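Below is one structure, written out as structure tokens, with a few remarks after it.
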Amino acid sequence: MTALADYNFAYLDEQTKRMIRRAILKAIAIPGYQVPFASREMPMPYGWGTGGVQVTASILGPHDVLKVIDQGADDTTNAVSIRAFFQKVANVAVTTKTSEATIIQTRHRIPEETLGVNQVLVYQVPIPEPLRFLEPRETETRQMHALEEYGLMHVKLYEDIARHGRIATTYAYPVKVAGRYVMDPSPTPKFDNPKMNQSAALQLFGAGREKRIYAVPPYTDVVSLDFEDHPFEVQTFEKPCALCGARHVYLDEVVLDDKGGRMFVCSDTDFCETRREEGHRGEMLGDIKEAAE
Amino acid sequence: MSDQPLLNVRGVSKFYGSRVGCMDVSFDLWPGEVLAIVGESGSGKTTLLNCLATRLMPTTGCVQYRMRGGNLRDLYQMSDAERRFLMRTDWGFVHQNPADGLRMTVSAGANVGERLMAVGNRHYGNIRTTASDWLERVEIAQDRIDDQPRAFSGGMRQRLQIARNLVTSPRLVFMDEPTGGLDVSVQARLLDLVRGLVSDLGLAVIVVTHDLAVARLLSHRMMVMKGGKVIEQGLTDRVLDDPREPYTQLLVSSILQV
Numbered sequence: 001m002t003a004l005a006d007y008n009f010a011y012l013d014e015q016t017k018r019m020i021r022r023a024i025l026k027a028i029a030i031p032g033y034q035v036p037f038a039s040r041e042m043p044m045p046y047g048w049g050t051g052g053v054q055v056t057a058s059i060l061g062p063h064d065v066l067k068v069i070d071q072g073a074d075d076t077t078n079a080v081s082i083r084a085f086f087q088k089v090a091n092v093a094v095t096t097k098t099s100e101a102t103i104i105q106t107r108h109r110i111p112e113e114t115l116g117v118n119q120v121l122v123y124q125v126p127i128p129e130p131l132r133f134l135e136p137r138e139t140e141t142r143q144m145h146a147l148e149e150y151g152l153m154h155v156k157l158y159e160d161i162a163r164h165g166r167i168a169t170t171y172a173y174p175v176k177v178a179g180r181y182v183m184d185p186s187p188t189p190k191f192d193n194p195k196m197n198q199s200a201a202l203q204l205f206g207a208g209r210e211k212r213i214y215a216v217p218p219y220t221d222v223v224s225l226d227f228e229d230h231p232f233e234v235q236t237f238e239k240p241c242a243l244c245g246a247r248h249v250y251l252d253e254v255v256l257d258d259k260g261g262r263m264f265v266c267s268d269t270d271f272c273e274t275r276r277e278e279g280h281r282g283e284m285l286g287d288i289k290e291a292a293e
Numbered sequence: 294m295s296d297q298p299l300l301n302v303r304g305v306s307k308f309y310g311s312r313v314g315c316m317d318v319s320f321d322l323w324p325g326e327v328l329a330i331v332g333e334s335g336s337g338k339t340t341l342l343n344c345l346a347t348r349l350m351p352t353t354g355c356v357q358y359r360m361r362g363g364n365l366r367d368l369y370q371m372s373d374a375e376r377r378f379l380m381r382t383d384w385g386f387v388h389q390n391p392a393d394g395l396r397m398t399v400s401a402g403a404n405v406g407e408r409l410m411a412v413g414n415r416h417y418g419n420i421r422t423t424a425s426d427w428l429e430r431v432e433i434a435q436d437r438i439d440d441q442p443r444a445f446s447g448g449m450r451q452r453l454q455i456a457r458n459l460v461t462s463p464r465l466v467f468m469d470e471p472t473g474g475l476d477v478s479v480q481a482r483l484l485d486l487v488r489g490l491v492s493d494l495g496l497a498v499i500v501v502t503h504d505l506a507v508a509r510l511l512s513h514r515m516m517v518m519k520g521g522k523v524i525e526q527g528l529t530d531r532v533l534d535d536p537r538e539p540y541t542q543l544l545v546s547s548i549l550q551v
């Protein structure tokens with residue numbers, strides 16, 4: 001435990017936290033605007049959530065309860081290691097229960113359970129610029145944001161329809177925040193886009209490599225871009241979750257064998273477990289239990 | 294309306310350090326008029342065009358543009374937002390190299406539709422119909438609408454670039470060597486097309502070219518530039534048939550006769 005004394009609370013030094021908090025405050029004041037910040041080296045590689053970790057470290061207090069998810073799951077490598085990191089450097093309480101958490105750091109999902117006013121959702125963002133793949137020049141994209149020139153975003157959607165007959169973008173689906181800035185909601189499935197709209201929870205986005213922070217304050221309009229004759233719609237699934245029988249949730253495909261066997265289960269593991277504890281049972285669960293007994 | 298000029302250019306100069314780009318250029322352009330700027334390489338034609346199209350800021354001078362409302366605005370006093378809006382609605386810019394003016398990685402339909410979407414059109418079906426109409430007008434087969442411009446020939450790319458610029462029915466189009474790099478028969482077809490569109494739509498055009506044949510076919514009036522200065526201007530036929538300046542005489546007499 002002596003090693004802990006070498007770290008400041010939550011790893012970052014106070015001046016760095018102050019700098020990041022100022023960026024966060026500015027981001028909240030201008031919903032959807034990408035605020036540059038002096039991103040630090042973190043003890044994990046870029047792409048593992050260095051942006052999200054810095055945001056979490058800056059807003060974390062000793063009494064917070066932290067939940068970390070990776071693609072909806074609490075038990076995957078990225079989620080486990082970030083959770084362990086904050087247990088070690090901040091000694092905060094951690095949980096896998098969405099309802100108990102005050103800060104939820106997420107990689108590419110929004111929990112199924114509706115978030116409340118006392119919760120903060122921190123996203124790990126790889127590429128914050130929604131226009132990047134259409135316009136490679138940073139100077140130009142900044143000017144486009146400043147002058148609200150977002151026609152190009154629709155060119156991308158037009159291309160989708162021309163090629164696939166429908167809007168084929170399924171993740172990182174561009175949204176307009178508070179009627180002003182077009183924002184990349186990080187690579188969450190577009191299934192989660194409606195959850196961002198008028199959310200009671202504060203949503204913070206951190207991109208470590210690209211050195212940008214942006215935010216959606218509570219109760220803000222978040223509208224997915226679309227065409228009048230091709231409106232925005234979310235993914236639908238034919239079958240309910242194979243474990244908990246939930247419908248209208250985002251499902252992951254799990255391959256069971258090499259003979260084409262597969263099942264679809266909730267991507268949000270906490271949501272799925274809670275439902276099973278309440279007694280909901282999907283079609284696969286009965287079989288597995290019988291086999292085990 | 295047409296008794297008032299669309300563009301008043303007064304004393305436009307551009308210096309690159311101590312070198313002269315163009316110097317003290319003044320002229321008026323009326324609606325529906327085609328003006329050719331000719332001269333040899335390095336004479337300042339493109340610098341002047343870029344200054345007029347606000348792609349470059351001139352060192353001195355002023356350019357006034359008559360907006361759709363009829364009021365005159367100084368282009369260099371406008372805000373960036375106004376100027377960019379003007380550039381994608383009321384103006385067009387046809388580059389010599391179509392790759393500079395097109396998005397090579399999106400389909401022809403999206404290239405034509407981009408300006409429509411930029412001004413707030415949000416109906417896919419309407420955008421596609423308009424794009425398809427414009428492809429037909431510039432003689433590109435409608436079944437090529439979903440192909441990327443990189444699959445097009447040079448002449449088709451140039452025609453696509455023209456369609457992309459004209460879709461918002463601009464009033465003023467800048468062209469920088471629109472036929473450069475095309476072979477002679479394709480050049481002839483393109484010139485024919487542009488001439489038809491210009492008269493149908495009543496466009497005002499400023500075309501920069503080193504090819505006097507282009508100037509002869511397209512333009513009503515022309516300016517001859519040398520060393521950054523306009524040395525002679527007048528009606529195209531007058532300048533080409535009765536050149537007064539020694540340099541213009543040299544230019545006209547150096548056309549190859551086949």
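Residue numbers (the working numbering), protein chains in the order written: chain B, 1 to 293; chain D, 294 to 551. We put the CB at the ideal spot given by N, CA and C, even for glycine. A quick note: this is a predicted structure, and the numbers were derived from the prediction, not measured.
- Task: Would you please state the rounded distance, in angstroms, between the beta carbons of Leu453/D and Pro442/D? I believe it to be under 8 Å.
- Result: 6 Å
- Going straight from the alpha carbon of Val155/B to that of Glu407/D, what length do you get? 6 Å
- Item | Close Cβ partners of Glu253/B (< 7 Å) along its chain, the five nearest in sequence each way excluded | Arg262 and Phe264
- Message: Residues in the same chain with beta-carbon distance under 8 Å from Gln435/D, minus the five sequence neighbours each way, listed in chain order, please.
- Response: Ser425, Leu428 and Glu429
- Taking only beta-carbon positions, decide if Glu293/B is within less than 9 Å of chain D. Its pLDDT being 42, under 50, Glu293/B is placed unreliably in this model, and the value from its coordinates should be taken loosely. Cβ-Cβ to chain D under 9 Å: no for Glu293/B.
- Out of curiosity, what's the CA-to-CA distance linking Arg276/B and Tyr11/B? 37 Å
- Item | Residue-chain proximity (Lys289/B, chain D), Cβ-Cβ < 9 Å | The predicted position of Lys289/B is uncertain, since its pLDDT is 49 and thus under 50; no value can be drawn from it.
- Query: What's the gap between the Cα of Ser336/D and the Cα of Gln480/D?
  - Reply: 23 Å
- Under three-state DSSP, which class holds Met294/D? Residue placement at Met294/D is poorly supported in this model, since its pLDDT is 47, which falls under 50; the coordinates still yield a value, given next. It is coil, neither helix nor strand.
- Query: Ile288/B to Gly245/B, Cα distance in whole Å?
  - Reply: Summary for Ile288/B: the model assigns pLDDT 49, below 50, so the residue's position carries little reliability; its value from the coordinates is reported in the next sentence. Approximately 15 Å, taken between the alpha carbons.
- Query: Taking the C-alpha atoms as reference points, what is the distance between Leu543/D and Val500/D?
  - Reply: 21 Å
- Round the Cβ separation of Thr461/D and Thr382/D to the nearest angstrom and send it over; I've been treating them as touching at under 8 Å. 5 Å
- Message: Would you say Glu129/B lies against chain D (beta-carbon separation less than 9 Å)?
- Response: no
- Task: Quick one: give me the first and last residue of the alpha helix (DSSP H) that Lys195/B is part of.
- Result: Asn193 to Met196
- Message: With H, G and I counted as helix, E and B as strand and the rest as coil, what does DSSP make of Asn458/D?
- Response: helix
- Message: DSSP three-state label for Gly267/B, please.
- Response: First, the amino acid is wrong: residue 267/B is Ser here, not Gly. Three-state result, Ser267/B: coil.
- Look at Thr56/B and Phe86/B and say whether their C-beta atoms are less than 9 Å apart. yes
- Return the first residue and the last residue of the alpha helix (DSSP H) that Thr423/D is part of. Tyr417 to Arg430
- Where in the region 303-343 of chain D do unbroken runs of the beta strand (DSSP E), each at least 3 residues long, occur, reported from the N-terminal end onward? 312-322 and 327-331
- Item | Integer Cβ distance of Asn193/B from Asp221/B, believed to fall under 8 Å | Going by Cβ atoms, the distance from Asn193/B to Asp221/B rounds to 12 Å, so no, they are not a contact pair.
- Query: In its own chain, which residues sit with a C-beta less than 6 Å from the C-beta of Glu135/B, not counting the 5 before and 5 after it?
  - Reply: Thr141
- Are Pro126/B and Ala207/B close, meaning C-beta to C-beta below 9 Å? yes
- Is the beta carbon of Ile24/B sitting closer than 9 Å to the one on Leu66/B? no
- Would you tell me roughly how many angstroms separate the C-alpha atoms of Arg421/D and Tyr158/B, rounded to the nearest one? 9 Å
- For the region 404-433 of chain D, enumerate the residues whose C-beta is nearer than 7 Å to any C-beta of chain B, in chain order. Gly406, Glu407, Met410, Ala411, Arg415, His416, Tyr417, Gly418 and Ile420
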